[in-house]
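*Asks:* Protein chains in written order, with the working numbering: chain F, -12 to 185; chain Z, 4 to 186. Note that CB positions come from ideal geometry on N, CA and C, so glycine has one too. Below are the C-alpha cells for one structure; questions will follow.
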C-alpha cells in the first residue's frame, strides 16, 4: 500500500510539474504539422542599428560572423548559408526565437548596419518545443533543457505507473501491459513499413 | 463524471504512448547529434539516356530499374523521391545523360526524417503517420487537462499540487520572458 501511495503521488505531482510543458509540446507539434496562419513569424521590421565595430577580419567568414555576433551581444546562432561577401561588404544573419538580425558590415571602415525583424510571441512559444540545446549568449536557457529531460522521464514514468495504478487486479494489469506492448509494437512496425515500403 | 474522465485520461495516455514516445526518442536522437551523426555520403551514378526507351518517361524507367521509392517532391527536369532515411534525385545533365544521386541516411538521419515526417501526402503509410501524429497531439492535450481535473477531484489538500503547478507555470513564463529579454 505504501508503495502504491508513493507511486500515485509521484505520478500525480510529476504530472502537475510537467503540465505546461505538455501543453506547449502538443500545440507546437500541431503548428509544425499544419502551419497555423496566426502562428506565422511576423517579420516585423522595427529597429535598424548602426554602429562602428573594431574587429579583425582574417578572411574567414565563419570567424567574422561570430565576432560580429559577440561584439553586438546578440543571442542565437549565425546562419552559414546566409553569410557571404559582396563588393567589399560582409553580410550575415543571426537568428534566435525572438528575431532575425541581418547584418551588413564594412570591414574597411568598421561600419555595421543591423536590421532586426521581430518574429512575435508564437515563434518564442514554438521554439520551446523539445528545446534541449544551448543558445550562445543565453546561458539561462539551460533551465528549459533540464526541464525537457525531466518531463520526458516523468511522462514515461507516468504512463507506466498509470497503467499499474489503474488496474486493480492482476488480470487487469496484465491486460494493460499487453495493450501497451501491442501499441508500441504496432508503432514500431509502422516505422519499419514506412522505411522499407513507403 | 470522475470515472469517465479517468478512463479518458487512461485511453489518451495509450494514444500518447503509441506515438509521442517515438517522437521523444527520435527527438533525443536529433539532440544527440554528436552520438548519432546525420551527415552521409550519397552514391552518384551517371547514366546515358540511350539505355532507356525514349518513348516512355525516363524517370519512371529509372525508378523501376533502380527500385527507387518514396514520395515525389519535385517536378519538371529535377525529380526527388524522399522517405525517412532515403533520398533519390534524378537530374538531367548535359550530354544526354542523367545523374542519379541516392542518399541512404545514417541512423541519426533516419530518425531525424521520421521526426519531421509530416503532411497528408504521399504513400498511404505517410497518411496513417500524419493521422496518428495529429491524434497524439490532441491526446496529449486531453491527457494533460484530464490529469488536472483528476488532481482537483482526488486531492483534498491541494497546496503541494498547486505549488508544483505554479512551478511549471513559472518556468514556462520565465523562459519566454527570458527569450524576449535576452534575445
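Pull up the distance between the alpha-carbon of residue 79(F) and that of residue -1(F), whole angstroms please.
*Replies:* Between residue 79(F) and residue -1(F), the C-alpha separation is close to 48 Å.
*Asks:* If you reduce the DSSP assignment to three classes, tell me which class residue 94(Z) lands in.
*Replies:* Three-state DSSP puts residue 94(Z) in a strand.
*Asks:* May I ask which residues mark the beginning and end of the alpha helix (DSSP H) holding residue 59(F)?
*Replies:* Here the alpha helix (DSSP H) through residue 59(F) covers 48 to 59.
*Asks:* Determine whether the beta carbon atoms of residue 81(F) and residue 99(F) lie at a separation below 8 Å.
*Replies:* No, they are not a contact pair.
*Asks:* For residue 76(F), name the three-state secondary structure that DSSP assigns.
*Replies:* In the structure shown, residue 76(F) sits in a strand (DSSP, three-state: E or B).
*Asks:* Residue 68(F) versus chain Z: which residues are under 8 Å apart at the beta carbon?
*Replies:* Ordered by position in chain Z, no residue passes the 8 Å Cβ test against residue 68(F), which lies about 15 Å from the chain.
*Asks:* Whole angstroms are fine: how far does the CA of residue 151(Z) sit from the CA of residue 176(Z)?
*Replies:* Each residue's alpha carbon lies about 19 Å from the other.
*Asks:* At the 8 Å Cβ level, is residue 30(Z) part of the contact set with chain F, yes or no?
*Replies:* Yes, contact with chain F.
*Asks:* Any chance the segment 158 to 168 of chain Z sits against the segment 93 to 112 of chain F, with 3 or more Cβ pairs inside 8 Å?
*Replies:* Because the criterion of three Cβ pairs below 8 Å is not met, the segment 158 to 168 of chain Z and the segment 93 to 112 of chain F do not touch.
*Asks:* Using a Cβ-Cβ distance cut-off of 8 Å, determine whether residue 59(Z) contacts chain F.
*Replies:* No, no contact with chain F.
*Asks:* So residue 40(F) and residue 97(F) are supposed to be a Cβ contact under 8 Å. How far apart are they, rounded?
*Replies:* Sure, about 5 Å apart at Cβ, within 8 Å.
*Asks:* With distances taken between CB atoms, is the gap from residue 185(F) to residue 118(Z) smaller than 8 Å?
*Replies:* Result no, Cβ atoms of residue 185(F) and residue 118(Z) do not sit closer than 8 Å.
*Asks:* Taking 8 Å as the CB-CB limit, is residue 25(Z) close to chain F?
*Replies:* For residue 25(Z), the answer is yes, since a Cβ of chain F falls inside 8 Å of its Cβ.
*Asks:* Mind listing the chain F neighbours of residue 108(Z)? Cutoff is C-beta to C-beta under 8 Å, in chain order.
*Replies:* Chain F residues near residue 108(Z): none, gap ~10 Å exceeds 8 Å.
*Asks:* Using a C-beta cutoff of 8 Å, does residue 78(F) count as contacting chain Z?
*Replies:* Closer than 8 Å: no.
*Asks:* Just to confirm the assignment, what range does the alpha helix (DSSP H) spanning residue 136(Z) have?
*Replies:* Segment 127 to 157, the alpha helix (DSSP H) holding residue 136(Z).
*Asks:* Output the distance between the C-alpha atoms of residue 134(F) and residue 148(F), rounded to the nearest integer angstrom.
*Replies:* So the alpha carbons of these two residues sit roughly 20 Å apart.
*Asks:* Cα separation between residue 9(F) and residue 143(Z)?
*Replies:* Cα to Cα, the separation comes out at about 7 Å.
*Asks:* Select from the segment 170 to 184 of chain F all residues with a C-beta closer than 9 Å to any C-beta belonging to chain Z, and list them in chain order.
*Replies:* Of all residues in the segment 170 to 184 of chain F, 170, 171, 173, 174, 175, 177, 178, 180, 181, 182, 183 and 184 have a Cβ within less than 9 Å of some Cβ in chain Z.
*Asks:* Strictly under 8 Å for the Cβ-Cβ distance: is residue 55(F) near chain Z by that measure?
*Replies:* False, the Cβ-Cβ gap to chain Z never drops below 8 Å.
*Asks:* Using a C-beta to C-beta distance shorter than 8 Å, which residues of chain F count as neighbours of residue 72(Z)?
*Replies:* Near residue 72(Z) (Cβ distances below 8 Å), the residues of chain F are 184 and 185.
*Asks:* Note down the Cα distance separating residue 137(Z) from residue 17(F), rounded to an integer number of angstroms.
*Replies:* Straight-line Cα distance between these residues: approximately 7 Å.
*Asks:* Would a C-beta distance cut-off of 8 Å place residue 12(F) and residue 120(F) closer than the cut-off?
*Replies:* No, Cβ-Cβ distance for residue 12(F) and residue 120(F) is not below 8 Å.
*Asks:* How long is the line joining the alpha carbons of residue 84(F) and residue 32(F), rounded to whole angstroms?
*Replies:* Distance between the alpha carbons of residue 84(F) and residue 32(F): 15 Å.
*Asks:* Can you name the residues of chain Z whose CB is closer than 8 Å to the CB of residue 85(F)?
*Replies:* Residues of chain Z passing the Cβ test: 182, 183 and 186.
*Asks:* Would you say residue 90(Z) and residue 106(Z) are within 8 Å of each other, going by their C-beta atoms?
*Replies:* Their beta carbons are under 8 Å apart, which means residue 90(Z) touches residue 106(Z) by this criterion.
*Asks:* Since I believe residue 39(Z) is in contact with residue 98(Z) (beta carbons under 8 Å), could you give me their beta-carbon distance rounded to a whole number of angstroms?
*Replies:* So it is not a contact: roughly 39 Å between Cβ atoms.
*Asks:* Find the residues of chain Z that neighbour residue 29(F), judging by a C-beta separation of less than 8 Å, and give them in chain order.
*Replies:* Those do not exist, as residue 29(F) stays about 13 Å from chain Z at its closest Cβ, beyond 8 Å.
*Asks:* Would you kindly work out how many angstroms separate the C-alpha atoms of residue 41(Z) and residue 34(Z), rounded to a whole number?
*Replies:* Rounded to the nearest angstrom, the two C-alpha atoms are 11 Å apart.
*Asks:* Of all the residues that make up the segment 161 to 173 of chain Z, which are near chain F by a beta-carbon distance shorter than 8 Å?
*Replies:* Those residues of the segment 161 to 173 of chain Z that come within reach of chain F (Cβ to Cβ, closer than 8 Å) are 163, 164, 167, 168, 170, 171 and 172.
*Asks:* Answer with yes or no whether the minimum CB distance from residue 87(Z) to chain F is below 8 Å.
*Replies:* Residue 87(Z) counts as touching chain F.
*Asks:* Indicate whether residue 86(Z) and residue 74(Z) have their beta-carbon atoms separated by less than 8 Å.
*Replies:* Closer than 8 Å, so yes.
*Asks:* At a CB-CB cut-off below 8 Å, which residues of chain F make contact with residue 234(Z)?
*Replies:* Nothing in the structure corresponds to residue 234(Z), since chain Z is present only between 4 and 186.
*Asks:* Quick check on the DSSP output: what are the complete alpha helix (DSSP H) runs of length 4 or more inside the segment 77 to 157 of chain F, in order along the chain?
*Replies:* Counting only runs of 4 or more, we get 108 to 114 and 129 to 153.
*Asks:* Which chain Z residues are close to residue 130(F), counting only those with a beta carbon under 9 Å from its beta carbon?
*Replies:* Within 9 Å Cβ-Cβ: 174, 177, 178 and 181.
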